[in-house]
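> Residue numbers (my numbering), protein chains in the order written: chain A, 9 to 511; chain B, 9 to 511.
Ideal placement from N, C-alpha and C gives every residue a C-beta, glycine not left out.
Values in this document were obtained by computation on a predicted structure and should not be read as measured data.
There are 2 protein chains.
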Amino acid sequence: MAEAGEAAAGPSPPPPPLLLGRARALGELGGGTQASQRLLAYSDALLSIIATVMILPVAHTKIHPDQKLNESVQQLLATKIAVYLMTFLIVTVAWAAHVRLFQVIELIDDVLALLNLACMMLITFLPYTFSLMASFPDVPFGIFMFSSCAVIIGIVQAVIVMYGFHHPYLLNHQIQVSEDQAFYKYHILKIILRGPTLSFFAAIFSFFFVPMSYVFLGLITFFPHIHHLTKWFKSKAVGAEEEVPLESFTFYLNEPLSKERVEAFTDGVYAIVATLLILDICEDNVPDAKEVKEKYHGNLISALNEYGPNFLAYFGSFVTVGLLWFVHHSLFLHVTKTTRLMGLLNNLSLAFIGGLPLAYQLTSNFAKKSHNEIEAIQVSCVTIFFASIFQFGIWVAALFYERETLHPYARYGGKEHAFMFAKLALYPCVCLLAFFLTCVLSELSADIFHLMQIIVPFAFLVLRIFVRIALMTIKHVTSLSRRRDNVLEEEEEACLSPPETLS
Amino acid sequence: MAEAGEAAAGPSPPPPPLLLGRARALGELGGGTQASQRLLAYSDALLSIIATVMILPVAHTKIHPDQKLNESVQQLLATKIAVYLMTFLIVTVAWAAHVRLFQVIELIDDVLALLNLACMMLITFLPYTFSLMASFPDVPFGIFMFSSCAVIIGIVQAVIVMYGFHHPYLLNHQIQVSEDQAFYKYHILKIILRGPTLSFFAAIFSFFFVPMSYVFLGLITFFPHIHHLTKWFKSKAVGAEEEVPLESFTFYLNEPLSKERVEAFTDGVYAIVATLLILDICEDNVPDAKEVKEKYHGNLISALNEYGPNFLAYFGSFVTVGLLWFVHHSLFLHVTKTTRLMGLLNNLSLAFIGGLPLAYQLTSNFAKKSHNEIEAIQVSCVTIFFASIFQFGIWVAALFYERETLHPYARYGGKEHAFMFAKLALYPCVCLLAFFLTCVLSELSADIFHLMQIIVPFAFLVLRIFVRIALMTIKHVTSLSRRRDNVLEEEEEACLSPPETLS
Chain A
9 MAEAGEAAAG
19 PSPPPPPLLL
29 GRARALGELG
39 GGTQASQRLL
49 AYSDALLSII
59 ATVMILPVAH
69 TKIHPDQKLN
79 ESVQQLLATK
89 IAVYLMTFLI
99 VTVAWAAHVR
109 LFQVIELIDD
119 VLALLNLACM
129 MLITFLPYTF
139 SLMASFPDVP
149 FGIFMFSSCA
159 VIIGIVQAVI
169 VMYGFHHPYL
179 LNHQIQVSED
189 QAFYKYHILK
199 IILRGPTLSF
209 FAAIFSFFFV
219 PMSYVFLGLI
229 TFFPHIHHLT
239 KWFKSKAVGA
249 EEEVPLESFT
259 FYLNEPLSKE
269 RVEAFTDGVY
279 AIVATLLILD
289 ICEDNVPDAK
299 EVKEKYHGNL
309 ISALNEYGPN
319 FLAYFGSFVT
329 VGLLWFVHHS
339 LFLHVTKTTR
349 LMGLLNNLSL
359 AFIGGLPLAY
369 QLTSNFAKKS
379 HNEIEAIQVS
389 CVTIFFASIF
399 QFGIWVAALF
409 YERETLHPYA
419 RYGGKEHAFM
429 FAKLALYPCV
439 CLLAFFLTCV
449 LSELSADIFH
459 LMQIIVPFAF
469 LVLRIFVRIA
479 LMTIKHVTSL
489 SRRRDNVLEE
499 EEEACLSPPE
509 TLS
Chain B
9 MAEAGEAAAG
19 PSPPPPPLLL
29 GRARALGELG
39 GGTQASQRLL
49 AYSDALLSII
59 ATVMILPVAH
69 TKIHPDQKLN
79 ESVQQLLATK
89 IAVYLMTFLI
99 VTVAWAAHVR
109 LFQVIELIDD
119 VLALLNLACM
129 MLITFLPYTF
139 SLMASFPDVP
149 FGIFMFSSCA
159 VIIGIVQAVI
169 VMYGFHHPYL
179 LNHQIQVSED
189 QAFYKYHILK
199 IILRGPTLSF
209 FAAIFSFFFV
219 PMSYVFLGLI
229 TFFPHIHHLT
239 KWFKSKAVGA
249 EEEVPLESFT
259 FYLNEPLSKE
269 RVEAFTDGVY
279 AIVATLLILD
289 ICEDNVPDAK
299 EVKEKYHGNL
309 ISALNEYGPN
319 FLAYFGSFVT
329 VGLLWFVHHS
339 LFLHVTKTTR
349 LMGLLNNLSL
359 AFIGGLPLAY
369 QLTSNFAKKS
379 HNEIEAIQVS
389 CVTIFFASIF
399 QFGIWVAALF
409 YERETLHPYA
419 RYGGKEHAFM
429 FAKLALYPCV
439 CLLAFFLTCV
449 LSELSADIFH
459 LMQIIVPFAF
469 LVLRIFVRIA
479 LMTIKHVTSL
489 SRRRDNVLEE
499 EEEACLSPPE
509 TLS
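(1) For residue 88 of chain B, count the other beta carbons within 10 Å of its own beta carbon; 16 or more makes it buried, fewer makes it exposed. Which is it?
(2) Is any beta-carbon of chain B found at less than 9 Å from that of residue 257 of chain A?
(3) Residue 371 of chain A and residue 444 of chain A - do their beta-carbons sit closer together than 9 Å?
(4) Report the option in A:207, A:266 and A:293 whose CA atom is closest to the CA atom of residue 65 of chain B.
(5) Counting only Cβ pairs nearer than 7 Å, list the residues of chain B close to residue 403 of chain A.
(6) So, do the stretch 201-219 of chain B and the stretch 142-160 of chain B have three or more beta carbon pairs nearer to each other than 8 Å?
(7) Which residues, in chain order, does the stretch 334-347 of chain A contribute to contact with chain B at a C-beta distance below 8 Å?
(8) Taking residue 461 of chain B as the query, report the chain A residues whose CB atoms sit under 7 Å from its CB, ordered along the chain.
(9) Looking at chain B, which residues of the stretch 296-321 of chain A have a Cβ within less than 7 Å of any of its Cβ atoms?
(10) Determine the extent of the beta strand (DSSP E) in which residue 296 of chain B is found, giving its start and end residues.
(11) With a cut-off of 8 Å, do at least 3 Cβ pairs link the stretch 393-412 of chain A to the stretch 481-490 of chain A?
(12) Could you give the distance in angstroms between the alpha-carbon of residue 471 of chain B and the alpha-carbon of residue 428 of chain B?
(13) Looking at chain B, which residues of the stretch 164-179 of chain A have a Cβ within less than 9 Å of any of its Cβ atoms?
(14) At the 9 Å Cβ level, is residue 411 of chain A part of the contact set with chain B, yes or no?
(15) Among B:271, B:199, B:480 and B:222, which has the Cα closest to the Cα of residue 51 of chain B?
(16) Within the 9 Å Cβ cut-off, does residue 485 of chain B reach chain C?
(17) Measure the C-alpha to C-alpha separation of residue 365 of chain A and residue 95 of chain B and round it to an integer number of angstroms.
(18) If we call anything under 9 Å between Cβ atoms a contact, is residue 418 of chain A one with residue 337 of chain A?
(19) Roughly how many angstroms separate the alpha carbons of residue 273 of chain A and residue 436 of chain B, rounded to a whole number?
(20) Considering only their Cβ atoms, is the gap separating residue 236 of chain B from residue 348 of chain B smaller than 9 Å?
(21) Tell me, please, whether the CB atom of residue 373 of chain B is closer than 9 Å to any CB atom in chain A?
(22) Against residue 476 of chain B, what residues of chain A qualify as contacts under a CB-to-CB distance less than 8 Å, listed in chain order?
(23) Using a threshold of 9 Å, state whether the C-beta atoms of residue 421 of chain B and residue 415 of chain B are closer than that.
(24) Within 9 Å of any Cβ in chain A, is that where the Cβ of residue 107 of chain B sits?
(25) Could you tell me the alpha carbon to alpha carbon distance between residue 135 of chain A and residue 91 of chain A, rounded to whole angstroms?
(26) Could you tell me how far apart the beta carbons of residue 385 of chain B and residue 446 of chain B are, in whole angstroms, since I believe they sit closer than 8 Å?
(27) DSSP three-state call for residue 117 of chain B: helix, strand or coil?
(28) Run through DSSP, which three-state label would residue 449 of chain B get?
(29) List the residues of chain B that residue 465 of chain A touches, going by C-beta distances under 9 Å, in chain order.
(30) Would you call the stretch 182-190 of chain A and the stretch 128-144 of chain A touching, i.e. three or more CB-CB distances under 8 Å?
(31) Which runs of the alpha helix (DSSP H) fall wholly inside the stretch 186-219 of chain A and span at least 4 residues, in chain order?
(32) When Cβ atoms are compared, which residues of the stretch 140-163 of chain B fall closer than 8 Å to chain A?
(33) Looking at chain B, is there any beta carbon in it that lies within less than 9 Å of the beta carbon of residue 54 of chain A?
(34) Measure the C-alpha to C-alpha separation of residue 180 of chain B and residue 275 of chain A and round it to an integer number of angstroms.
(35) Skipping 5 residues on each side, what residues in its chain have a beta carbon closer than 7 Å to that of residue 194 of chain B?
(36) Do the stretch 145-152 of chain B and the stretch 114-122 of chain B touch if we need at least three Cβ pairs shorter than 8 Å?
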């Protein structure tokens, strides 16, 4: 029994040994109070799937193969993609609030679990109200429903906070022992209720002056970042004098998003994207029994030959999703803390990952020699490029504060630094190359593009060998030039030697 | 950095402090070797979504509202539901093999991560080959493709095993220090390759005698359980003499499915089911702008009134999914180890949970006074009943070996036992009641059914109060009758007192 308590409490935020001991002690007190880990994992799964699955209505938009893709893309861009992106961002805002909330409340009981499920139910309903809003931009009812939903979510979350502070043994240990619980309560309520308050004004304004409502709703997504940015500029202008008192009380409430939950949310998005691909294959590419009989004289293999390009597209897309996940996984192995900026870049990267099923639909539907085909490939390149360049951005953002955010091996001069750089730079480079090829070679087909996608993983393995050789050369050169002053030799050795002990 | 290593290694199987130390030590050696936790979480998410998402083609089967549901249900049952159930079971078999594999290999490096992704890609392709097989049962090509896919998966998994044993620092610590590594290697290879070998024969027979292939494929799903059952009967007949040597070397390879991975897989299924519901709402129930203008004179609210029953159906279904997850969560809080039988029952429960989007489609499509409506409610009741009764089965199976599988509080006589029982029995009872009502009251509508679904959570809260009063009464009565022999009084107190310290 002690084992279960330990395993459940394992991946919680900062002070693990302490929390572990607490959770176990409580586990022995009674089953009414529980470690929140699984509830949070479930919430992350729900939220990430909700955010991503809204690409399906976009991807399933019927485009006639003869129609020029250009116009259709514009028509798509205008409404459906906008809905997808906004829903995605709004769900990530809801998710971030949820992360903050359960960094304060670390243990749950049945009542909290049920309240959280109610909150999830309302959040899953948001995409519907949003698509209503997008379909009827002039009708106040859509925006009113959306805003009311957000207000109710805020109220439920406020109830969760009140309940948590009413039963202080559920709280984060640091808050629990602090003298100033009322302050923390006020602070977390302020963070939780910021969005709902803006939504409340949006709901009221929807009856008088709809554009104002949109302004308020736009603020929900960008307010935290604007707030953070102005604070950052202010601190740069005034100097770092203010930061010390701030640090001491916003440690859990403001700055870090728990790394485990960022990973869980990311995994959910990647998993659902990979699955939407196979769902399309299963729904569209199983030939009709009657058609096979009449058109192909019962020969299933020749009927399937027709779908050959689709399978190639599927494998190519899956490989891309899988490898982008792999790069993210490698990166986050070396990340010790996620800052707000890294979280934002991660969400942007995920929004483009969510666009991959659309790219798949385009390249597999137009897999014939046509002008559309080239444009479909270009859309794919752009989508993958942005997904991977934002991943690269996470790395750059981490390097700015590498002492707090990165494992020493990935920091500048660490032995994994160069390889990490190469891994992250691979996809943006490949995409730029592919895009360039579409411009110069008019014969480039979707098939060739998908073959390129399938070949990339081997590039990863070649890359590792290449980086290792390069590092050995550098090491050799530097050791030659520094033979005279070998004071730092030992430190250098520790940093740059390839991991011989391991491979 | 120590923190990250610790958090990542936290929720791994049995010997945590040891593993923790090791993972940290390795983390300090180099980033090339990594704790496998996140890779496994991602695999679980992928596999659970793949298993569940195959209900979509079933749920989206067009049924004409005038058509008698009876016939359509039969037609559905014949092919599509069979495909769904078989895919679900086959994916769970693949998942179980994956769990076993990564109980042996506890740390990963880049090569293993890429091999695992290749394996996942092939597994996600299985549903397609299976639906090909189901659409063309007489053509050998479908079954050949399915079997070949399974064989290739087996080969990739075998390569993973070989790679792992070639780099022993990746293995489970107990195997790593054992003298008999070759034996373990042989044993895990045998488990991994059992399914693929059967598939290989199925692939060969597909060209000569198709029914034989089906027999082989059927064996894949049931062989482990048949094997286990015969062993169990044998041990019952011969006596427990054989068990001691078996126990000593199959500790990691045969018996327990890691509880964390069972939870992750389960969460994935519940999350995707909840999401498929909102996806249906978003795709079907956003009114067309033109229609609103012409039919409702631009009045959006009256257009939405049309969809009222659908929203009720959505909230009802979401509440059901959420609460069934909640019950599962409560149950697994008290489970310390999952036996093979519990895993099987859990998978069966999940298969029915996956059927809920279909039930939702039926009840929301036939939300008018008709004979179909009653039948749709009955289908929903049956689906929920089986999902919840199999959950109840997990609990019963756990009680058989309560010393190994359950936390003391949930065992017979523990203070959470009665409440756990009540929680698990609630849904089966409600379903039976609803089914009974459909038979006697011909006026029962889908709306009333969904309202019933929404009311159930409050029943949970009432239940807790009710169970507590009942326990207090029992305690009072027993303490009165046992006043003379108060030797065991103290123990009783510890077991039956309501958790006053906590609430």
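For this structure:
(1) Within the second sequence, the letter at position 80 stands for residue 88 of chain B. Residue 88 of chain B should be labelled buried.
(2) On the first sequence, residue 257 of chain A is found 249 positions in, with the first residue counted as 1. Its pLDDT being 36, under 50, residue 257 of chain A is placed unreliably in this model, and the value from its coordinates should be taken loosely. No, no contact with chain B.
(3) As a position in the first sequence, residue 444 of chain A is number 436, starting the count at 1. As a position in the first sequence, residue 371 of chain A is number 363, starting the count at 1. The answer is no: Cβ separation not under 9 Å.
(4) Indexing the second sequence from 1 puts residue 65 of chain B at position 57. Considering only alpha carbons, the answer is A:293.
(5) Taking the first sequence and counting its residues from 1, the one referred to as residue 403 of chain A is at position 395. Within 7 Å Cβ-Cβ: nothing; residue 403 of chain A doesn't reach chain B, min ~14 Å.
(6) yes
(7) Per Cβ criterion, the list reads 334, 337, 338, 340, 341, 342, 343 and 344.
(8) Start at 1 with the first residue of the second sequence, and residue 461 of chain B comes out as number 453. Within 7 Å Cβ-Cβ: nothing; residue 461 of chain B doesn't reach chain A, min ~12 Å.
(9) 297, 308 and 309
(10) Residue mapping note: residue 296 of chain B aligns to position 288 of the second sequence, counting from 1. Element bounds for residue 296 of chain B: n/a, residue is neither H nor E.
(11) Contact between the stretch 393-412 of chain A and the stretch 481-490 of chain A is absent: fewer than 3 CB-CB pairs across the two stretches fall below 8 Å.
(12) Taking the first residue of the second sequence as 1, we reach residue 471 of chain B at position 463. Taking the first residue of the second sequence as 1, we reach residue 428 of chain B at position 420. If I take the Cα positions, the gap works out to 10 Å.
(13) 175 and 177
(14) Position 403 of the first sequence, counted from the start, is the residue given in the question as residue 411 of chain A. For residue 411 of chain A, the answer is no, since every Cβ of chain B falls outside 9 Å of its Cβ.
(15) Position 43 of the second sequence, counted from the first residue, corresponds to residue 51 of chain B. The candidate whose alpha carbon is nearest that of residue 51 of chain B is B:271.
(16) This model lacks chain C altogether; the protein chains it does include are A and B.
(17) Along the first sequence, one-based indexing puts residue 365 of chain A at 357. Along the second sequence, one-based indexing puts residue 95 of chain B at 87. Approximately 22 Å, taken between the alpha carbons.
(18) Position 410 of the first sequence, counting from 1, holds the residue named residue 418 of chain A. Position 329 of the first sequence, counting from 1, holds the residue named residue 337 of chain A. No, Cβ-Cβ distance for residue 418 of chain A and residue 337 of chain A is not below 9 Å.
(19) On the first sequence, position 265 is the one that residue 273 of chain A refers to. On the second sequence, position 428 is the one that residue 436 of chain B refers to. Their Cα atoms are separated by approximately 33 Å.
(20) Residue numbering aside, residue 348 of chain B sits at position 340 when the second sequence is read from its first letter. Residue numbering aside, residue 236 of chain B sits at position 228 when the second sequence is read from its first letter. In contact: residue 348 of chain B and residue 236 of chain B (Cβ atoms closer than 9 Å).
(21) Your numbering for residue 373 of chain B matches position 365 in the second sequence. Residue 373 of chain B does not count as touching chain A.
(22) Taking the first residue of the second sequence as 1, we reach residue 476 of chain B at position 468. By Cβ distance, chain A contributes nothing, its closest Cβ being about 11 Å from residue 476 of chain B, past 8 Å.
(23) If you number the second sequence from 1, residue 421 of chain B lands on position 413. If you number the second sequence from 1, residue 415 of chain B lands on position 407. In this structure, residue 415 of chain B does not lie closer than 9 Å to residue 421 of chain B by Cβ.
(24) Residue numbering aside, residue 107 of chain B sits at position 99 when the second sequence is read from its first letter. No, because no Cβ of chain A sits closer than 9 Å to the Cβ of residue 107 of chain B.
(25) On the first sequence, position 127 is the one that residue 135 of chain A refers to. On the first sequence, position 83 is the one that residue 91 of chain A refers to. The straight-line gap from Cα to Cα measures roughly 9 Å.
(26) Your numbering for residue 385 of chain B matches position 377 in the second sequence. Your numbering for residue 446 of chain B matches position 438 in the second sequence. About 5 Å separates the two Cβ atoms, so the contact holds.
(27) Your numbering for residue 117 of chain B matches position 109 in the second sequence. In the structure shown, residue 117 of chain B adopts extended strand secondary structure according to DSSP, grouped into three states.
(28) As a working note, residue 449 of chain B is residue 441 in the second sequence. Three-state DSSP puts residue 449 of chain B in coil, outside helix and strand.
(29) On the first sequence, position 457 is the one that residue 465 of chain A refers to. Ordered by position in chain B, the residues that pass the 9 Å Cβ test against residue 465 of chain A are 122, 125 and 126.
(30) no
(31) 189-213
(32) 140, 143, 144, 147, 149 and 150
(33) Here residue 54 of chain A refers to the residue found at position 46 when the first sequence is read from its first residue. So, interface residue.
(34) Here the question's residue 180 of chain B lines up with position 172 in the second sequence. Here the question's residue 275 of chain A lines up with position 267 in the first sequence. Those two C-alpha atoms are separated by around 25 Å.
(35) On the second sequence, residue 194 of chain B is found 186 positions in, with the first residue counted as 1. The beta carbon of residue 194 of chain B sits closer than 7 Å to none of the beta carbons in its chain outside the five residues before and after it.
(36) no
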